[in-house]
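If you number the sequence shown the way our numbering does, the last residue is 280 and the count never jumps.
Following: one structure in structure tokens, then a few remarks.
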Amino acid sequence: MSETVREPGETAAAGEVASSEPGAGSGILRVFGRQMKLCRIRAGLERSEVGARTGYSPSTIASYEQGRRIPPPRFIDVVDELLDAGGLLKEMKEEVARAQYPAFFRDAARLEAEAVEVQIYANQAVPGLLQTEEYMRAVFGMGRPLLDEAVIEQQVTARLARQALFNRKPAPLLGFVIDESVIRRPFGGATVLRGQLEHLLLAGALRNVEVQIMPLDREDNAAVDGPFTVLHREGGEQVAYLEAQGRSTIVTELTEVRGIVARYGIIRAQALTPRESLAFIEKSLGEM
């Protein structure tokens, strides 16, 4: 039987320590941590030295090496240079970044980041790509069972990272149809909702973004089956993403995806136009 060798101050090896942080202990984090530790030892540096030169505590460096915490991209860039890893650690940066998402969302996060067009229908909460940081905290804070504050912070950071999609060049086309009930729910309180509605107005004014509201008084609504996302990949391939109760499905079967795409087109036609929708949001703000 092989024996686990630990350095002084290391309470457990990678994979032996449980963490409430999403993604902690996942395969890619353990691989990254082992490679980082090997590079550090080869460079003749202690964890305290790496921490001092990168701005992190020795305990945080240990957590990264043990796969218990998710290192941010900036740290990976810096430590790769510091340890003369020759790009080995940087090469894993994207996979490590995806580990910050819940397991059920990681494939969807990759597809979303690569999409040339994203179409979303939402009837429970404002879509994550459009959420303000305060709204995110409110949504994560209402989850049951309750999440630890550290987990909430990590999930907020991950969701904010997804919004880099808005800054990508060339800009992807982003379409959102949001049920009126969503913009009426005061998640986090009136102040949070006001900030969220103002953010929707700003996003809706972008040339590559369309925000539409599905009014509650519509007698016809093709979205009775619930929320969904359609992701258009370069080359014309389309996939759909469905999520409920911490479970997700990526739909790739051509006939089924075509049906979902057609449904989104009908929903768009039934909703207010983008211009009417922004006016509707402005009116809702005025009524608060």
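The beta-carbon is built from N, C-alpha and C at its ideal position, and this holds for glycine as well.
Can you grab the Cα-Cα spacing for the pair residue i / residue j, in whole Å?
i	j	result
Gly227	Phe220	22 Å
Glu109	Leu37	46 Å
Pro137	Gly238	12 Å
Tyr256	Leu246	15 Å
Gly218	Arg60	35 Å
Gln147	Thr265	32 Å
Lys82	Gln27	11 Å
Ala117	Arg34	49 Å
Glu170	Phe67	The displayed chain sequence assigns Ile, not Glu, to residue 170. If I take the Cα positions, the gap works out to 37 Å.
Tyr113	Ala77	44 Å
Helix, strand or coil: which one does DSSP assign to residue i?
i	result
Val(-3)	The predicted position of Val(-3) is uncertain, since its pLDDT is 31 and thus under 50; a value taken from the coordinates is nonetheless stated next. Val(-3) falls in the coil class under three-state DSSP.
Thr124	coil
Gly166	The amino acid at residue 166 is misidentified as Gly; the sequence shows Leu. Residue state, collapsed to three classes: strand.
Met134	coil
Ile205	strand
Val88	helix
Ala182	helix
Could you tell me which residues DSSP pairs with residue i in its beta bridges?
i	result
Gln147	According to DSSP, which records beta bridges pairwise, Gln147 is partnered with nothing at all.
Gln111	Gly167 and Val222
So, residue i versus residue j, is the Cβ gap smaller than 8 Å?
i	j	result
Ala283	Ile259	Outside the modelled stretch of the chain, which goes from -7 to 280, sits residue 283, for which no answer is possible.
Val88	Leu21	yes
Gly79	Tyr56	no
Glu268	Leu193	no
Leu234	Val243	yes
Tyr127	Val184	yes
Relative to the C-alpha of residue i, which candidate in the options has its C-alpha closest?
i	options	result
Asn213	Asn115, Val131, Thr244 and Pro119	Asn115
Ala182	Leu277, Thr52 and Glu73	Leu277
Leu75	Glu202, Ile205 and Val42	Val42
Is there at least one non-hydrogen atom of the ligand ATP closer than 7 Å to the beta-carbon of residue i?
i	result
Ala261	As for the ligand ATP, it is missing from this structure, which has no ligand bound.
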